[in-house]
Amino acid sequence: MGERAAPYIAAPMPIRASDLLTLTREGLYCPLGRFHVDPTWPVERALITHGHADHARSGHRAVLATPETLRIMAVRYGEDFCGTRQEARLGETIRVGDVAVRFAPAGHVLGSAQIAIEAEGVRVVVSGDYKRAYDPTCLPFEVVPCDVFITEATFGLPVFRMPDTRDEIRKLLDSVALFPERAHIVGAYALGKAQRVMALLREAGYDRPIYLHGAMEKLTELYKREGIPLGETPKVVAAERPKLHGAVVLCPPSTIQDLWSRKFPDPVTSFASGWMRVRARARQKGVELPLVISDHSDWPDLCRTIRETGAGEVWVTHGQEDALVHWCGTQGIKARPLHMLGYGDEEVESAEAAA
Ligand SMILES: [Zn+2]
Ligand SMILES: [Zn+2]
56 MGERAAPYIA APMPIRASDL LTLTREGLYC PLGRFHVDPT WPVERALITH GHADHARSGH
116 RAVLATPETL RIMAVRYGED FCGTRQEARL GETIRVGDVA VRFAPAGHVL GSAQIAIEAE
176 GVRVVVSGDY KRAYDPTCLP FEVVPCDVFI TEATFGLPVF RMPDTRDEIR KLLDSVALFP
236 ERAHIVGAYA LGKAQRVMAL LREAGYDRPI YLHGAMEKLT ELYKREGIPL GETPKVVAAE
296 RPKLHGAVVL CPPSTIQDLW SRKFPDPVTS FASGWMRVRA RARQKGVELP LVISDHSDWP
356 DLCRTIRETG AGEVWVTHGQ EDALVHWCGT QGIKARPLHM LGYGDEEVES AEAAA
């Protein structure tokens, strides 16, 4: 053997990260799989990381997402939110076009997932929004080793270090005990944050009813159906507001300063958000009792996560991109900001609540 000349076969071009993922007008696009991830415009095929309005939009022809995310989208947009839908079970490998995709928990809200996209041994992970902090309402973040890690940077500045959420819940309960005559009006995003606050209150032993603004009701019911115990959560009856002394009431952030809130007995206005880490923001929003509770990674967790994925390259989608890109440089990790528009939960969710 050996003397016969081997037939000439051109060596295949090694696959590049840009074959797996690139940036288009609609958002991140996988050319080999022919799908978008969290597109901001209607597309043929969308893979969705989680149910927040800036990532999960209606009107796509086909959607692949976790069963929980699909149900959240149906609650928000109606059953006809897309043409066809397919469930992605966590950990299961699914063939889409010429790539393999796998959804892994992101620890952000119920059903939230990172999406790993792989072909010929090259793996890109789109993390969507994620956090490492404790959250009893969803599965914890899973580190997925990869070549390229796509991260958000909502709190991508070294000043953002979030406290233990259990201490923040304690502040709320201390205030309720101190002012038994006053109602506590807590602003929280309708998907994820509100239910996380309720679950943390229950874990801290609070067993009285937690009152809900109408905008919180459907998604809270969905969480309960998904098996998250949240206890008794009656909807506020408008006429009964003046009688709710000492009650804890959850409402959309845009409502805490509304006439709606002022009908409660001597209300204490509170807001559960990572942004409450910025004192000026709390003051500017007239928040008396800021609760620093974030569904995004703080600075140490962003850095830790990037390191743990072992990625040699990082793309930063949105938020405080520059500091994180700079930090990657100091660690010998290639990084670039994508400056993506259309993302950022707060703006979208507030606009939604105000509509
Ligand atoms: Zn989100
Ligand atoms: Zn987001």
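So the sequence shown is numbered by the numbering used here: it starts at 56 and just counts up by one. Don't be surprised by glycine CBs; every beta carbon is placed ideally from N, CA and C. Predicted model only: the values in this text are computed from it and were never measured.
#### Entry: Neighbour-count burial assignment, P160, 16 or more Cβ in a 10 Å radius
buried
### Query
Leaving out the 5 sequence neighbours to the left and right, which residues in its chain are closer than 7 Å to P218 when beta-carbon positions are compared?
V347
### Message
Extract the residue ranges of the beta strand (DSSP E) inside the region 61-87, only unbroken runs of 3 or more that lie entirely within it.
### Response
77-79 and 82-85
### Query
How should S328 be labelled, buried or exposed, when 16 other C-beta atoms within 10 angstroms of its C-beta is the threshold for buried?
buried
### Query
Quick one: Cα of T104 to Cα of A168, how far?
5 Å
### Nearest-angstrom Cα separation, counted from E134 out to D262
34 Å
### Cutoff 6 Å; reference A111; Cβ partners in own chain excluding five residues on either side
I103 and M128
#### Entry: Coarse secondary structure for E404, derived from DSSP in three states
Confidence in E404 is poor, its pLDDT being 45 and thus under 50, which makes the residue's placement too unreliable to answer from.
### Message
Please identify the residue among A390, E368, H381 and G374 whose C-alpha is closest to the C-alpha of V177.
### Response
Selected option, being the one with the closest Cα: E368.
#### Entry: Residues near D190 in its chain [Cβ-Cβ closer than 7 Å; skip 5 each side]
Answer for D190: G162 and R251, listed in chain order.
### Query
For the candidate residues G106, H268, F210 and L83, whose alpha-carbon lies nearest to that of D377?
F210
### Message
Given 7 Å as the limit, tell me if H105 has its C-beta closer than that to any heavy atom belonging to ligand 1.
### Response
At least one heavy atom of ligand 1 lies less than 7 Å from the C-beta of H105.
#### Entry: Under the three-state DSSP convention, the category C201 falls into
coil
### Message
Only counting the same chain, and skipping five residues up and downstream in sequence, which positions put a Cβ closer than 7 Å to that of V231?
### Response
Excluding its 5 nearest sequence neighbours in each direction, V231 has C-beta neighbours in its own chain below 7 Å: H239, G301 and V303, listed in chain order.
### Task
Could you round the C-beta distance between A259 and I224 to whole angstroms and report it? I think they count as a contact, below 8 Å.
5 Å
### Query
Per DSSP, what kind of secondary structure is V347 in: helix, strand or coil?
coil
### Message
Please determine whether the Cβ atom of D184 lies at a distance below 7 Å from any heavy atom of ligand 1.
### Response
yes
### Task
Run the CB neighbour count on Q141, radius 10 Å, all protein chains shown included, and call it buried at 16 or more, exposed below.
Flag for Q141 reads exposed.
### Message
Which runs of the alpha helix (DSSP H) at least 4 residues long sit entirely within the region 304-355? Give them in chain order.
### Response
314-317 and 334-339
### Message
ligand 1 and H163: does any heavy atom of the ligand fall closer than 7 Å to the residue's C-beta?
### Response
yes
### Query
Is H110 near ligand 1, with its Cβ less than 7 Å from a heavy atom?
yes
#### Entry: Minimum C-alpha distance to C193 - residue among Q386, L393, K340 and P284
P284
### Query
Distance, Cα to Cα, Y398 vs A390?
19 Å
### Task
Run the proximity test for Y278: is its beta-carbon closer than 7 Å to any non-hydrogen atom belonging to ligand 2?
no
### Task
Quickly, what does DSSP pair Q141 with across the bridge? List them, please.
L119
### Query
Run through DSSP, which three-state label would T297 get?
A quick correction: the sequence has Pro, not Thr, at residue 297. For P297, the three-state secondary structure derived from DSSP is helix.
### Message
Quick check on the DSSP output: the alpha helix (DSSP H) that includes E376 runs from which residue to which?
### Response
Annotation: the continuous alpha helix (DSSP H) that includes E376 extends over E376 to T385.
#### Entry: Own chain residues within Cβ distance below 6 Å of R336, not counting five before or after
Here the set comprises W330.
### Message
In the DSSP output, what is P264 paired with across the bridge?
### Response
According to DSSP, P264 bridges with nothing at all.
### Query
Any idea what DSSP makes of I240, helix, strand or coil?
strand
#### Entry: Extent of the continuous alpha helix (DSSP H) run through A171
Element bounds for A171: not the alpha helix (DSSP H) but the beta strand (DSSP E), A168 to A174.
### Message
Going by DSSP in three states, I361 sits in which element: helix, strand or coil?
### Response
helix
### Message
Three or more C-beta pairs under 8 Å: does that hold for the region 90-100 against the region 115-129?
### Response
yes
### Message
Could you check whether R257 and G286 sit closer than 8 Å to each other, using their CB atoms as the reference points?
### Response
Going by C-beta atoms, G286 is nearer than 8 Å to R257.
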